[in-house]
Amino acid sequence: MNTFEFVRPATVAEAVAAASAPGAAYHAAGTNLLDLMKGGVARPTRLVDVNRLPGLDRIEHAPDGGVRVGALVRNADLAHDPAFSRRFPAVAEALLSGASAQLRNAATVGGNLLQRTRCAYFYDTASACNKRQPGAGCDARGGENRLHAVLGWSGSCIATHPSDFCVPLVALGATVEIEGKAGWRDVPLVDFHRLPGLAPERETVLETGDLVVAVRLPAEAARFAAHARYLKVRERTSYAFAVVSAAAALRMEGDRIAEARIALGGVALKPWRAHDAEAALAGARPDAATFRRAAEAALAGAEPSGDNAFKIELARRIVARALAMAFAGTPERVPALPASPFAPVPGASIHV
Amino acid sequence: MGLSIALTVNGAPHRVELEDPRVTLLDLLRERLHLTGTKKGCDRGQCGACTVLLDGRRTNACLALAAAHDGADVLTIEGLAGGGGELHPVQAAFIAHDALQCGFCTPGQVMSAVGLIAEGHAGSDPERVREGMSGNLCRCGAYAGITEAVLDAQGRMAGRGEAA
Chain A
1181 MNTFEFVRPA
1191 TVAEAVAAAS
1201 APGAAYHAAG
1211 TNLLDLMKGG
1221 VARPTRLVDV
1231 NRLPGLDRIE
1241 HAPDGGVRVG
1251 ALVRNADLAH
1261 DPAFSRRFPA
1271 VAEALLSGAS
1281 AQLRNAATVG
1291 GNLLQRTRCA
1301 YFYDTASACN
1311 KRQPGAGCDA
1321 RGGENRLHAV
1331 LGWSGSCIAT
1341 HPSDFCVPLV
1351 ALGATVEIEG
1361 KAGWRDVPLV
1371 DFHRLPGLAP
1381 ERETVLETGD
1391 LVVAVRLPAE
1401 AARFAAHARY
1411 LKVRERTSYA
1421 FAVVSAAAAL
1431 RMEGDRIAEA
1441 RIALGGVALK
1451 PWRAHDAEAA
1461 LAGARPDAAT
1471 FRRAAEAALA
1481 GAEPSGDNAF
1491 KIELARRIVA
1501 RALAMAFAGT
1511 PERVPALPAS
1521 PFAPVPGASI
1531 HV
Chain B
4 MGLSIALTVN
14 GAPHRVELED
24 PRVTLLDLLR
34 ERLHLTGTKK
44 GCDRGQCGAC
54 TVLLDGRRTN
64 ACLALAAAHD
74 GADVLTIEGL
84 AGGGGELHPV
94 QAAFIAHDAL
104 QCGFCTPGQV
114 MSAVGLIAEG
124 HAGSDPERVR
134 EGMSGNLCRC
144 GAYAGITEAV
154 LDAQGRMAGR
164 GEAA
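Protein chains in written order, with my numbering: chain A, 1181 to 1532; chain B, 4 to 167.
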C-alpha cells in the first residue's frame, strides 16, 4: 500500500474542498477501498474521511411514504430499519444477500454505489486493464470471463458492477444526492453509473470532489411493497457476488399487473433497468407465459462477451422466476437465505 | 505525519500514536497492544478471522483503518471471559460442541457469534445462524459444531437474561 495523508473534515464543504485535490479519495468504511489499496489497485495520496460529517447517518421517512437515506447509513442498519424494510422489502432483501454480516455492519450506502468491479483482471496489477490503466488493453477479453457482462459492454471493458443494493434501487427509481464544488444536485441512479464505451476508467457521473450525501426513494416506490423480491444466483450458498440477479416488483390491480419494475445485476457495468420488460407486463395477466415474455424483452440486446453465453438464458430464467416470486407475494419476513434460488416458490419451477 | 487516537480496548483506555496512517485496527491490536488473539487470516475481509466488536458491532478489523476509529470501543477475544477466568457462554459452548479443530478461525468465530446473538435476528433457526455466520470461514470444516454452539449459547444467555 502506498502511504497517504489522512484528513478528517468536520463539514461537507471542508470535505469537498479536501477531496478536490489531485489523488484524493473519500473514505467511509473502507471495506472495498482498503482492499484495493492493499493490492495496489487504488493508490490515493490523500484519504478524506467522511465518517464524522454531520447528518449523513440518518434514515428519514417522509410523511408521503418516500425515504431519504444518508450516505453514511450502514447496510445492516438500513436493512433492519422496520419502516424501510416494510416499504421497500426488495431493497432490504438485496442488502441482506450481499457480503457478510461483518461487512454489512461497516459498509455504507454511498460506498455501495461507488464500489468497484470485482473483475479479477482489474484486481491483478500484472494484467492489462483499461479501467485501471486507460489504454492498457483488457485481459478479460479472451481470459477467464464466464462471469463477465452480457449487456452494455464494449471492446474496452467487459466487467460488471457488483452491487446487489443498487439493483432494486434502480428498479424503484432511486435518486442520488450529490454535493460538489458547484453545489448540490440530484442524479437519477439509472444515470449515475456509466457504461464502459471507450472510457471504462470513468465509472460514474461524479466529478472531482463530488460527494454522494444521500439516496432517495420516491413515495410511489412503496406501492410495490406487497409484491417485491430480489433473486440472486451465486456460485455458493452465501457470501458471494451475483452471477446474475434480478429485482422484480409488481403493482397489482385485480387480476392484472398495473405496473411492473425490473432490474438486473451481474450482467453489465451498471445496475440494469429493463424498461422494455416492464412495458411488456403493464396490463398483462400474471402468468408464466407473461413472465417469460418479459424476460425475453429484458435480455433482447444481450450478447456474450466471452465464455458467458449461459448467463443470457440464466438471466431470462432469473427474471421470470423473480416475477413469479414477486407475484406470489412479499414474505412476512426476509427469508433465512435472502434472495436465494433454493427457497421453494409456489407454482414456479425449481430449476433456475 | 502523526495521528493520535484514543481507544477503549476490552474496557481499558489506550492512547495510540500512529506515525503511519496505513495501520489497520487489526495490526494495531496485534502489533501495538500485543493482543494477538485476533487473527490475521486473509487480511482482505474474506475470512472473518479478524472479527472484533467495534462499538458493539461485529466488524472485520483488517478492513478498518485505525485512524478512522478515534474514540471507539473495541472488544476482542481477550476481553470476553470474566475477570475470574470464567469463560463466556459462547466460548464454553464452542468447547462443549467441539466447534473447532485447528483453532485459528475460532477467535473470529466466537466474536462473530457474540455479535450475531446481540443482533438478535437469527432466533433458533439453524439456517439463519448458518447464514449469519457465513462471513467466518473454517477450513477444518467445523461448521456443524459451530452452529450447534451458537444456538446452545444463545439459549443459555437468553435463560440468564444476558445480551452479550
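Glycine residues also receive a C-beta, built at the ideal position from the N, C-alpha and C atoms.
* To do: For the stretch 1200-1257 of chain A, list the beta strand (DSSP E) runs that are entirely contained and at least 3 residues long, ordered along the chain.
  => 1204-1207, 1226-1229, 1239-1241 and 1247-1250
* Simplified DSSP state of A:Arg1284, which is helix, strand or coil -> Residue state, collapsed to three classes: helix.
* Name the DSSP bridge partner or partners of A:Asp1366? -> A:Glu1357
* Asked: In angstroms, rounded to a whole number, what distance separates the CA positions of A:Val1532 and A:Arg1416?
  -> Model confidence at A:Val1532 stands at a pLDDT of 48, short of 50, so the residue's coordinates are unreliable and nothing is read from them.
* Asked: At a Cβ threshold of 8 Å, is B:Gly14 touching chain A?
  -> no
* Asked: Would the beta-carbon of A:Arg1267 fall within 8 Å of that of A:Arg1232?
  -> no
* Measuring only between beta-carbons, confirm whether B:Thr79 sits less than 8 Å from chain A. => No, because no Cβ of chain A sits closer than 8 Å to the Cβ of B:Thr79.
* What residues from the stretch 1189-1222 of chain A come within 7 Å of chain B, judged by C-beta to C-beta, listed N to C? -> His1207, Gly1210, Thr1211, Leu1214, Asp1215 and Lys1218
* Asked: Which ranges would you report for the alpha helix (DSSP H) in the stretch 73-154 of chain B if only whole runs of at least 4 residues count?
  -> 92-99, 109-122 and 129-135
* Asked: By how many angstroms is the C-alpha of B:Ile149 removed from the C-alpha of B:Asp101?
  -> 8 Å
* To do: Drop a sphere of 10 angstroms on the beta-carbon of B:His91, count the other beta-carbons inside from all chains shown, and report buried for 16 or more, exposed for fewer.
  => buried
* Can you list, in chain order, the residues of its chain whose CB lies under 7 Å from that of A:Thr1288, leaving out five sequence neighbours each side? -> Ala1208, Ala1209, Ala1251, Leu1252, Val1253 and Arg1254
* Sorted by chain position, which residues of the same chain lie with C-beta nearer than 7 Å to A:Thr1183's C-beta, five sequence neighbours on each side aside? -> none
* Tell whether a beta-carbon distance below 8 Å holds between B:Arg35 and B:Val12. => Remark: C-beta atoms of B:Arg35 and B:Val12 do not approach each other more closely than 8 Å.
* Asked: Does the distance from the C-beta atom of A:Leu1541 to that of A:Thr1211 stay below 8 Å?
  -> Outside the displayed span of chain A (1181 to 1532) sits residue 1541 of chain A, for which this structure offers no information.
* To do: Within its chain, find whatever has a CB closer than 7 Å to the CB of A:Val1192; leave out the 5 residues flanking it on each side and keep chain order.
  => Leu1233, Glu1359, Leu1391 and Val1393
* Asked: Which residues in chain A sit within 7 Å of B:Ala70, going by Cβ to Cβ distance?
  -> In chain order: Phe1186.
* Asked: Quick one, which of A:His1455, A:Arg1453 and A:Arg1497 has its alpha-carbon nearest A:Arg1472's?
  -> The candidate whose alpha carbon is nearest that of A:Arg1472 is A:Arg1497.
* In angstroms, rounded to a whole number, what distance separates the CA positions of A:Ala1294 and A:Ala1354? -> Note that residue 1294 of chain A corresponds to Leu in the displayed sequence, not to Ala. A:Leu1294 and A:Ala1354: Cα-Cα distance of roughly 15 Å.
* **Reference A:Thr1305; option with closest CA among A:Leu1444, A:Ala1329, A:Asp1261 and A:Leu1216** => A:Leu1216
* Are A:Phe1186 and B:Leu6 closer than 8 Å when you measure CB to CB? -> yes
* To do: Return the first residue and the last residue of the beta strand (DSSP E) that A:Ala1190 is part of.
  => No beta strand (DSSP E) contains A:Ala1190, which DSSP labels as neither H nor E.
* **Segment limits, alpha helix (DSSP H) that includes A:Glu1439** => Element bounds for A:Glu1439: not the alpha helix (DSSP H) but the beta strand (DSSP E), Arg1436 to Gly1445.
* So, using beta-carbon positions, are A:Val1356 and A:Leu1375 closer together than 8 Å? -> no
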